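First up is the structure itself, then whatever we jot down about it.
Numbering (our numbering), first residue to last: 1 to 179.
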């Protein structure tokens with residue numbers, strides 16, 4: 001069915017972060033822009049945007065889509081903005097989102113797939129790491145929910161073999177010049 005193809009998987013980046021309240025005032029002000037690309041997954045897009053807009057941790061959510069049905073969904077959410085762009089080549093679609101985010105002068109950009117969900121705690125942890133001068137933040141494990149049958153599985157990424165990509169070595173280094 002059409003519903004099955006659009007709701008095939010949702011990725012939850014779950015993270016438990018016990019932050020100290022006294023640090024909250026400092027890093028809660030970090031401006032995070034979430035960027036997503038979408039293509040012909042309207043029901044899933046609506047589900048994900050509803051969730052992400054309600055965690056109240058993003059300054060803006062930028063969606064780069066390829067048709068007016070997606071724009072109609074994005075326009076329902078005040079925190080979201082839509083930009084039309086061809087779906088091919090996809091890398092240029094992602095670049096469009098990054099270029100659009102620059103006008104907000106963000107402290108960080110969180111790039112998510114159209115079927116990805118992150119918790120409030122994860123976004124707060126990213127803000128904390130930004131305040132500690134981390135430039136690259138990633139996850140090594142996550143959960144997937146197959147919405148058709150409510151089956152949850154966990155996936156563990158064992159990490160990069162190249163030490164340059166280890167969290168400790170990327171601290172206080174910029175691998176991408178946003179200039």
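We treat Cβ as the ideally placed atom computed from N, Cα and C, and that holds for glycine. Bear in mind the structure is a predicted one, so any value in this text is a computation, not a measurement.
With distances taken between CA atoms, residue 114 lies nearest to 70 out of 135, 70, 31 and 60.
Closest in alpha carbon position to residue 109, among 85, 130, 54 and 50, is 130.
When the five nearest sequence neighbours on each side are left out, the beta carbons in the same chain lying within less than 6 Å of the beta carbon of residue 81 are those of 62, in order along the chain. In its chain, beyond the 5 residues on either side, 45, 63, 65, 70 and 114 have a beta carbon closer than 6 Å to the beta carbon of residue 38. Within the same chain, and ignoring the five residues on either side of residue 107 in sequence, the residues whose Cβ sits closer than 6 Å to its Cβ are 30, 31 and 130. Residue range 68-74 is occupied by the alpha helix (DSSP H) that includes residue 73. Separation of residue 77 and residue 55 (C-alpha to C-alpha, rounded to the nearest whole angstrom) is 13 Å. Separation of residue 60 and residue 34 (C-alpha to C-alpha, rounded to the nearest whole angstrom) is 6 Å. DSSP, read as helix, strand or coil, puts residue 60 in strand. Contact annotation, residue 72 with residue 85: C-beta distance approximately 16 Å; criterion of less than 8 Å not satisfied.
In the three-state reduction of the DSSP assignment, residue 116 falls in the strand class, which pools E and B. Look at the region 31-57 and you find these whole runs of beta strand (DSSP E), each 3 residues long or longer: 32-37.
DSSP places residue 108 within a strand segment (E or B) once states are collapsed to three.
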